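Student: Letter by letter, the sequence shown follows residues -1 to 324 in our numbering.
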Amino acid sequence: MSDIRPSSNPQEDPLEPPPTAPRLSSLALPSNEAATMEQSGASSLQDITPETELSTLTTQQLQELTQKFFDDTLSSRPLISALGSIGSLRTEYTSPSFISQLQYLESNGYVGIRRTRGDGDCFYRSLAFAYIERIMQAPDKELAVAKATSQLYETQKLLDAAGFQKMAYEDFYDVIVSLLETVVNGSNGSQPLTPALLLQAFQDPEVSNSVVVYLRLLTSAQIRADPDSYAPFLVHPEADIPLEVREFCEGFVEAIGREADHVQVTALSRALHVNVEVAYLDGRNPDHVDFVKFDNETEHDTKPILLLYRPGHYDILEREKSGASA
-1 MSDIRPSSNP
9 QEDPLEPPPT
19 APRLSSLALP
29 SNEAATMEQS
39 GASSLQDITP
49 ETELSTLTTQ
59 QLQELTQKFF
69 DDTLSSRPLI
79 SALGSIGSLR
89 TEYTSPSFIS
99 QLQYLESNGY
109 VGIRRTRGDG
119 DCFYRSLAFA
129 YIERIMQAPD
139 KELAVAKATS
149 QLYETQKLLD
159 AAGFQKMAYE
169 DFYDVIVSLL
179 ETVVNGSNGS
189 QPLTPALLLQ
199 AFQDPEVSNS
209 VVVYLRLLTS
219 AQIRADPDSY
229 APFLVHPEAD
239 IPLEVREFCE
249 GFVEAIGREA
259 DHVQVTALSR
269 ALHVNVEVAY
279 LDGRNPDHVD
289 FVKFDNETEH
299 DTKPILLLYR
309 PGHYDILERE
319 KSGASA
């Protein structure tokens, strides 16, 4: 999908009815049961044993295996965790090729991982946290915050052009902007945002899920406003059949708990004008880990957002030594 064309100016289709807001009974995370029931076909996990090499599994089997692990730990895992060692993943996998890939990452300086809950929102939550964290680490925080808030302000125009009503997104927009503003100013006289306070905010369901919803709507708006760039790649993730833009966005972008793929990563990184690098940890090639780059910033020295992808799940990848408690 590296040939997705650059986005054009968004044009609103007057014949297209406006998108509806996500159906949320509350800001709490929804049950994973609905997403599980939508999986088509019978599970193929019964054919997998502890001795099975990951490199022999199909993509569907890898995704099912990963999702089963996250389902088993869903209730106990926080929405986002403190920074830990990537070596901790060794306790979850026994495949030699997978262990070799972990060693490859460590030997190349990728030693930290910040885990997110495997609830289908992990990509958006991971990117949002890393996005704000990167701003906090900028040499000139005030400039970085000013640039980010200006870009976020412009994203409202993209949502409007795609047909979203302001009342459908403004509360979610306010949450992420407020977080950014506290990087330098604090909130109501309190201290500026620290790594510990950022982690605390993203572990709060109301704050964390509000940010996720806004990024989902923004991703949808980017796709809807530039349909020609994305239409050839919009397929049902289980049935592998082409979908119309509206159908894809409503079912697999705006819907809470639905996993993100290459299309969503491309669209959101473009909408936010950020560089993203995704390391694919799948156990298929023990000699190296593939990194897919999504470049959208003009400054060549800008630090990219690093994500770690295991089939069906995203976490935050860190190059720095993992020693901080937050």
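Even for Gly, the Cβ is constructed at its ideal location relative to N, Cα and C. The structure presented is a predicted model; accordingly, all values stated were derived computationally and were not measured.
Enumerate in chain order the residues of its own chain whose CB-to-CB distance from residue 241 is below 7 Å, with the five nearest sequence positions on each side excluded.
Tutor: 232, 233 and 234
Student: To the nearest angstrom, how far is it from the Cα of residue 194 to the Cα of residue 299?
Tutor: 27 Å
Student: What's the call for residue 239, buried or exposed, on a 16-neighbour Cβ count within 10 Å?
Tutor: Exposed.
Student: At which residues does the alpha helix (DSSP H) containing residue 145 begin and terminate?
Tutor: 139 to 159
Student: Between the C-alpha atoms of residue 36 and residue 211, what's the straight-line distance to the nearest angstrom?
Tutor: For residue 36, the pLDDT reaches just 36, beneath the cut-off of 50, and the residue's location in the model is therefore unreliable, although a value from the coordinates is still provided. Each residue's Cα considered, the two are about 21 Å apart.
Student: With DSSP collapsed to three states, give me the class of residue 309.
Tutor: coil
Student: On the CB-based measure, 16 or more other CB atoms within 10 Å of its CB, does residue 151 come out buried or exposed?
Tutor: exposed
Student: Below 8 Å on the Cβ atoms is my guess for residue 254 versus residue 124; work out the distance and round it to an integer in Å.
Tutor: Actually they are not in contact, since the Cβ atoms of residue 254 and residue 124 sit about 16 Å apart, beyond 8 Å.
Student: My guess is that residue 305 and residue 317 are in contact by the Cβ rule of under 8 Å, so how many angstroms apart are they, rounded?
Tutor: Contact doesn't hold; Cβ gap of about 12 Å is too wide.
Student: Considering only residues of the same chain and omitting the five flanking positions on each side of residue 108, which have a CB-CB separation below 6 Å?
Tutor: 315 and 317
Student: Could you name the residues that DSSP lists as bridge partners for residue 277?
Tutor: 289 and 306
Student: Say whether the region 94 to 109 touches the region 176 to 189, bearing in mind that this needs 3 or more beta-carbon pairs closer than 8 Å, one atom from each stretch.
Tutor: no
Student: For the alpha helix (DSSP H) that contains residue 97, what are its first and last residues?
Tutor: 94 to 105
Student: Indicate whether residue 273 and residue 259 have their beta-carbon atoms separated by less than 9 Å.
Tutor: In this structure, residue 259 does not lie closer than 9 Å to residue 273 by Cβ.
Student: Taking just the CA atoms, how far does residue 311 sit from residue 84?
Tutor: Each residue's Cα considered, the two are about 15 Å apart.
Student: Between 189, 99 and 76, which has its C-alpha nearest residue 283's C-alpha?
Tutor: If you compare the alpha carbons of 189, 99 and 76 with that of residue 283, the shortest gap goes to 99.
Student: How far does the beta strand (DSSP E) with residue 111 in it extend, from its first residue to its last?
Tutor: 110 to 112
Student: For residue 79, which residues in the same chain have their Cβ closer than 8 Å to its Cβ, ignoring the five residues on either side in sequence?
Tutor: 112, 113 and 114
Student: Which class does residue 233 belong to by DSSP, given the choice of helix, strand or coil?
Tutor: strand
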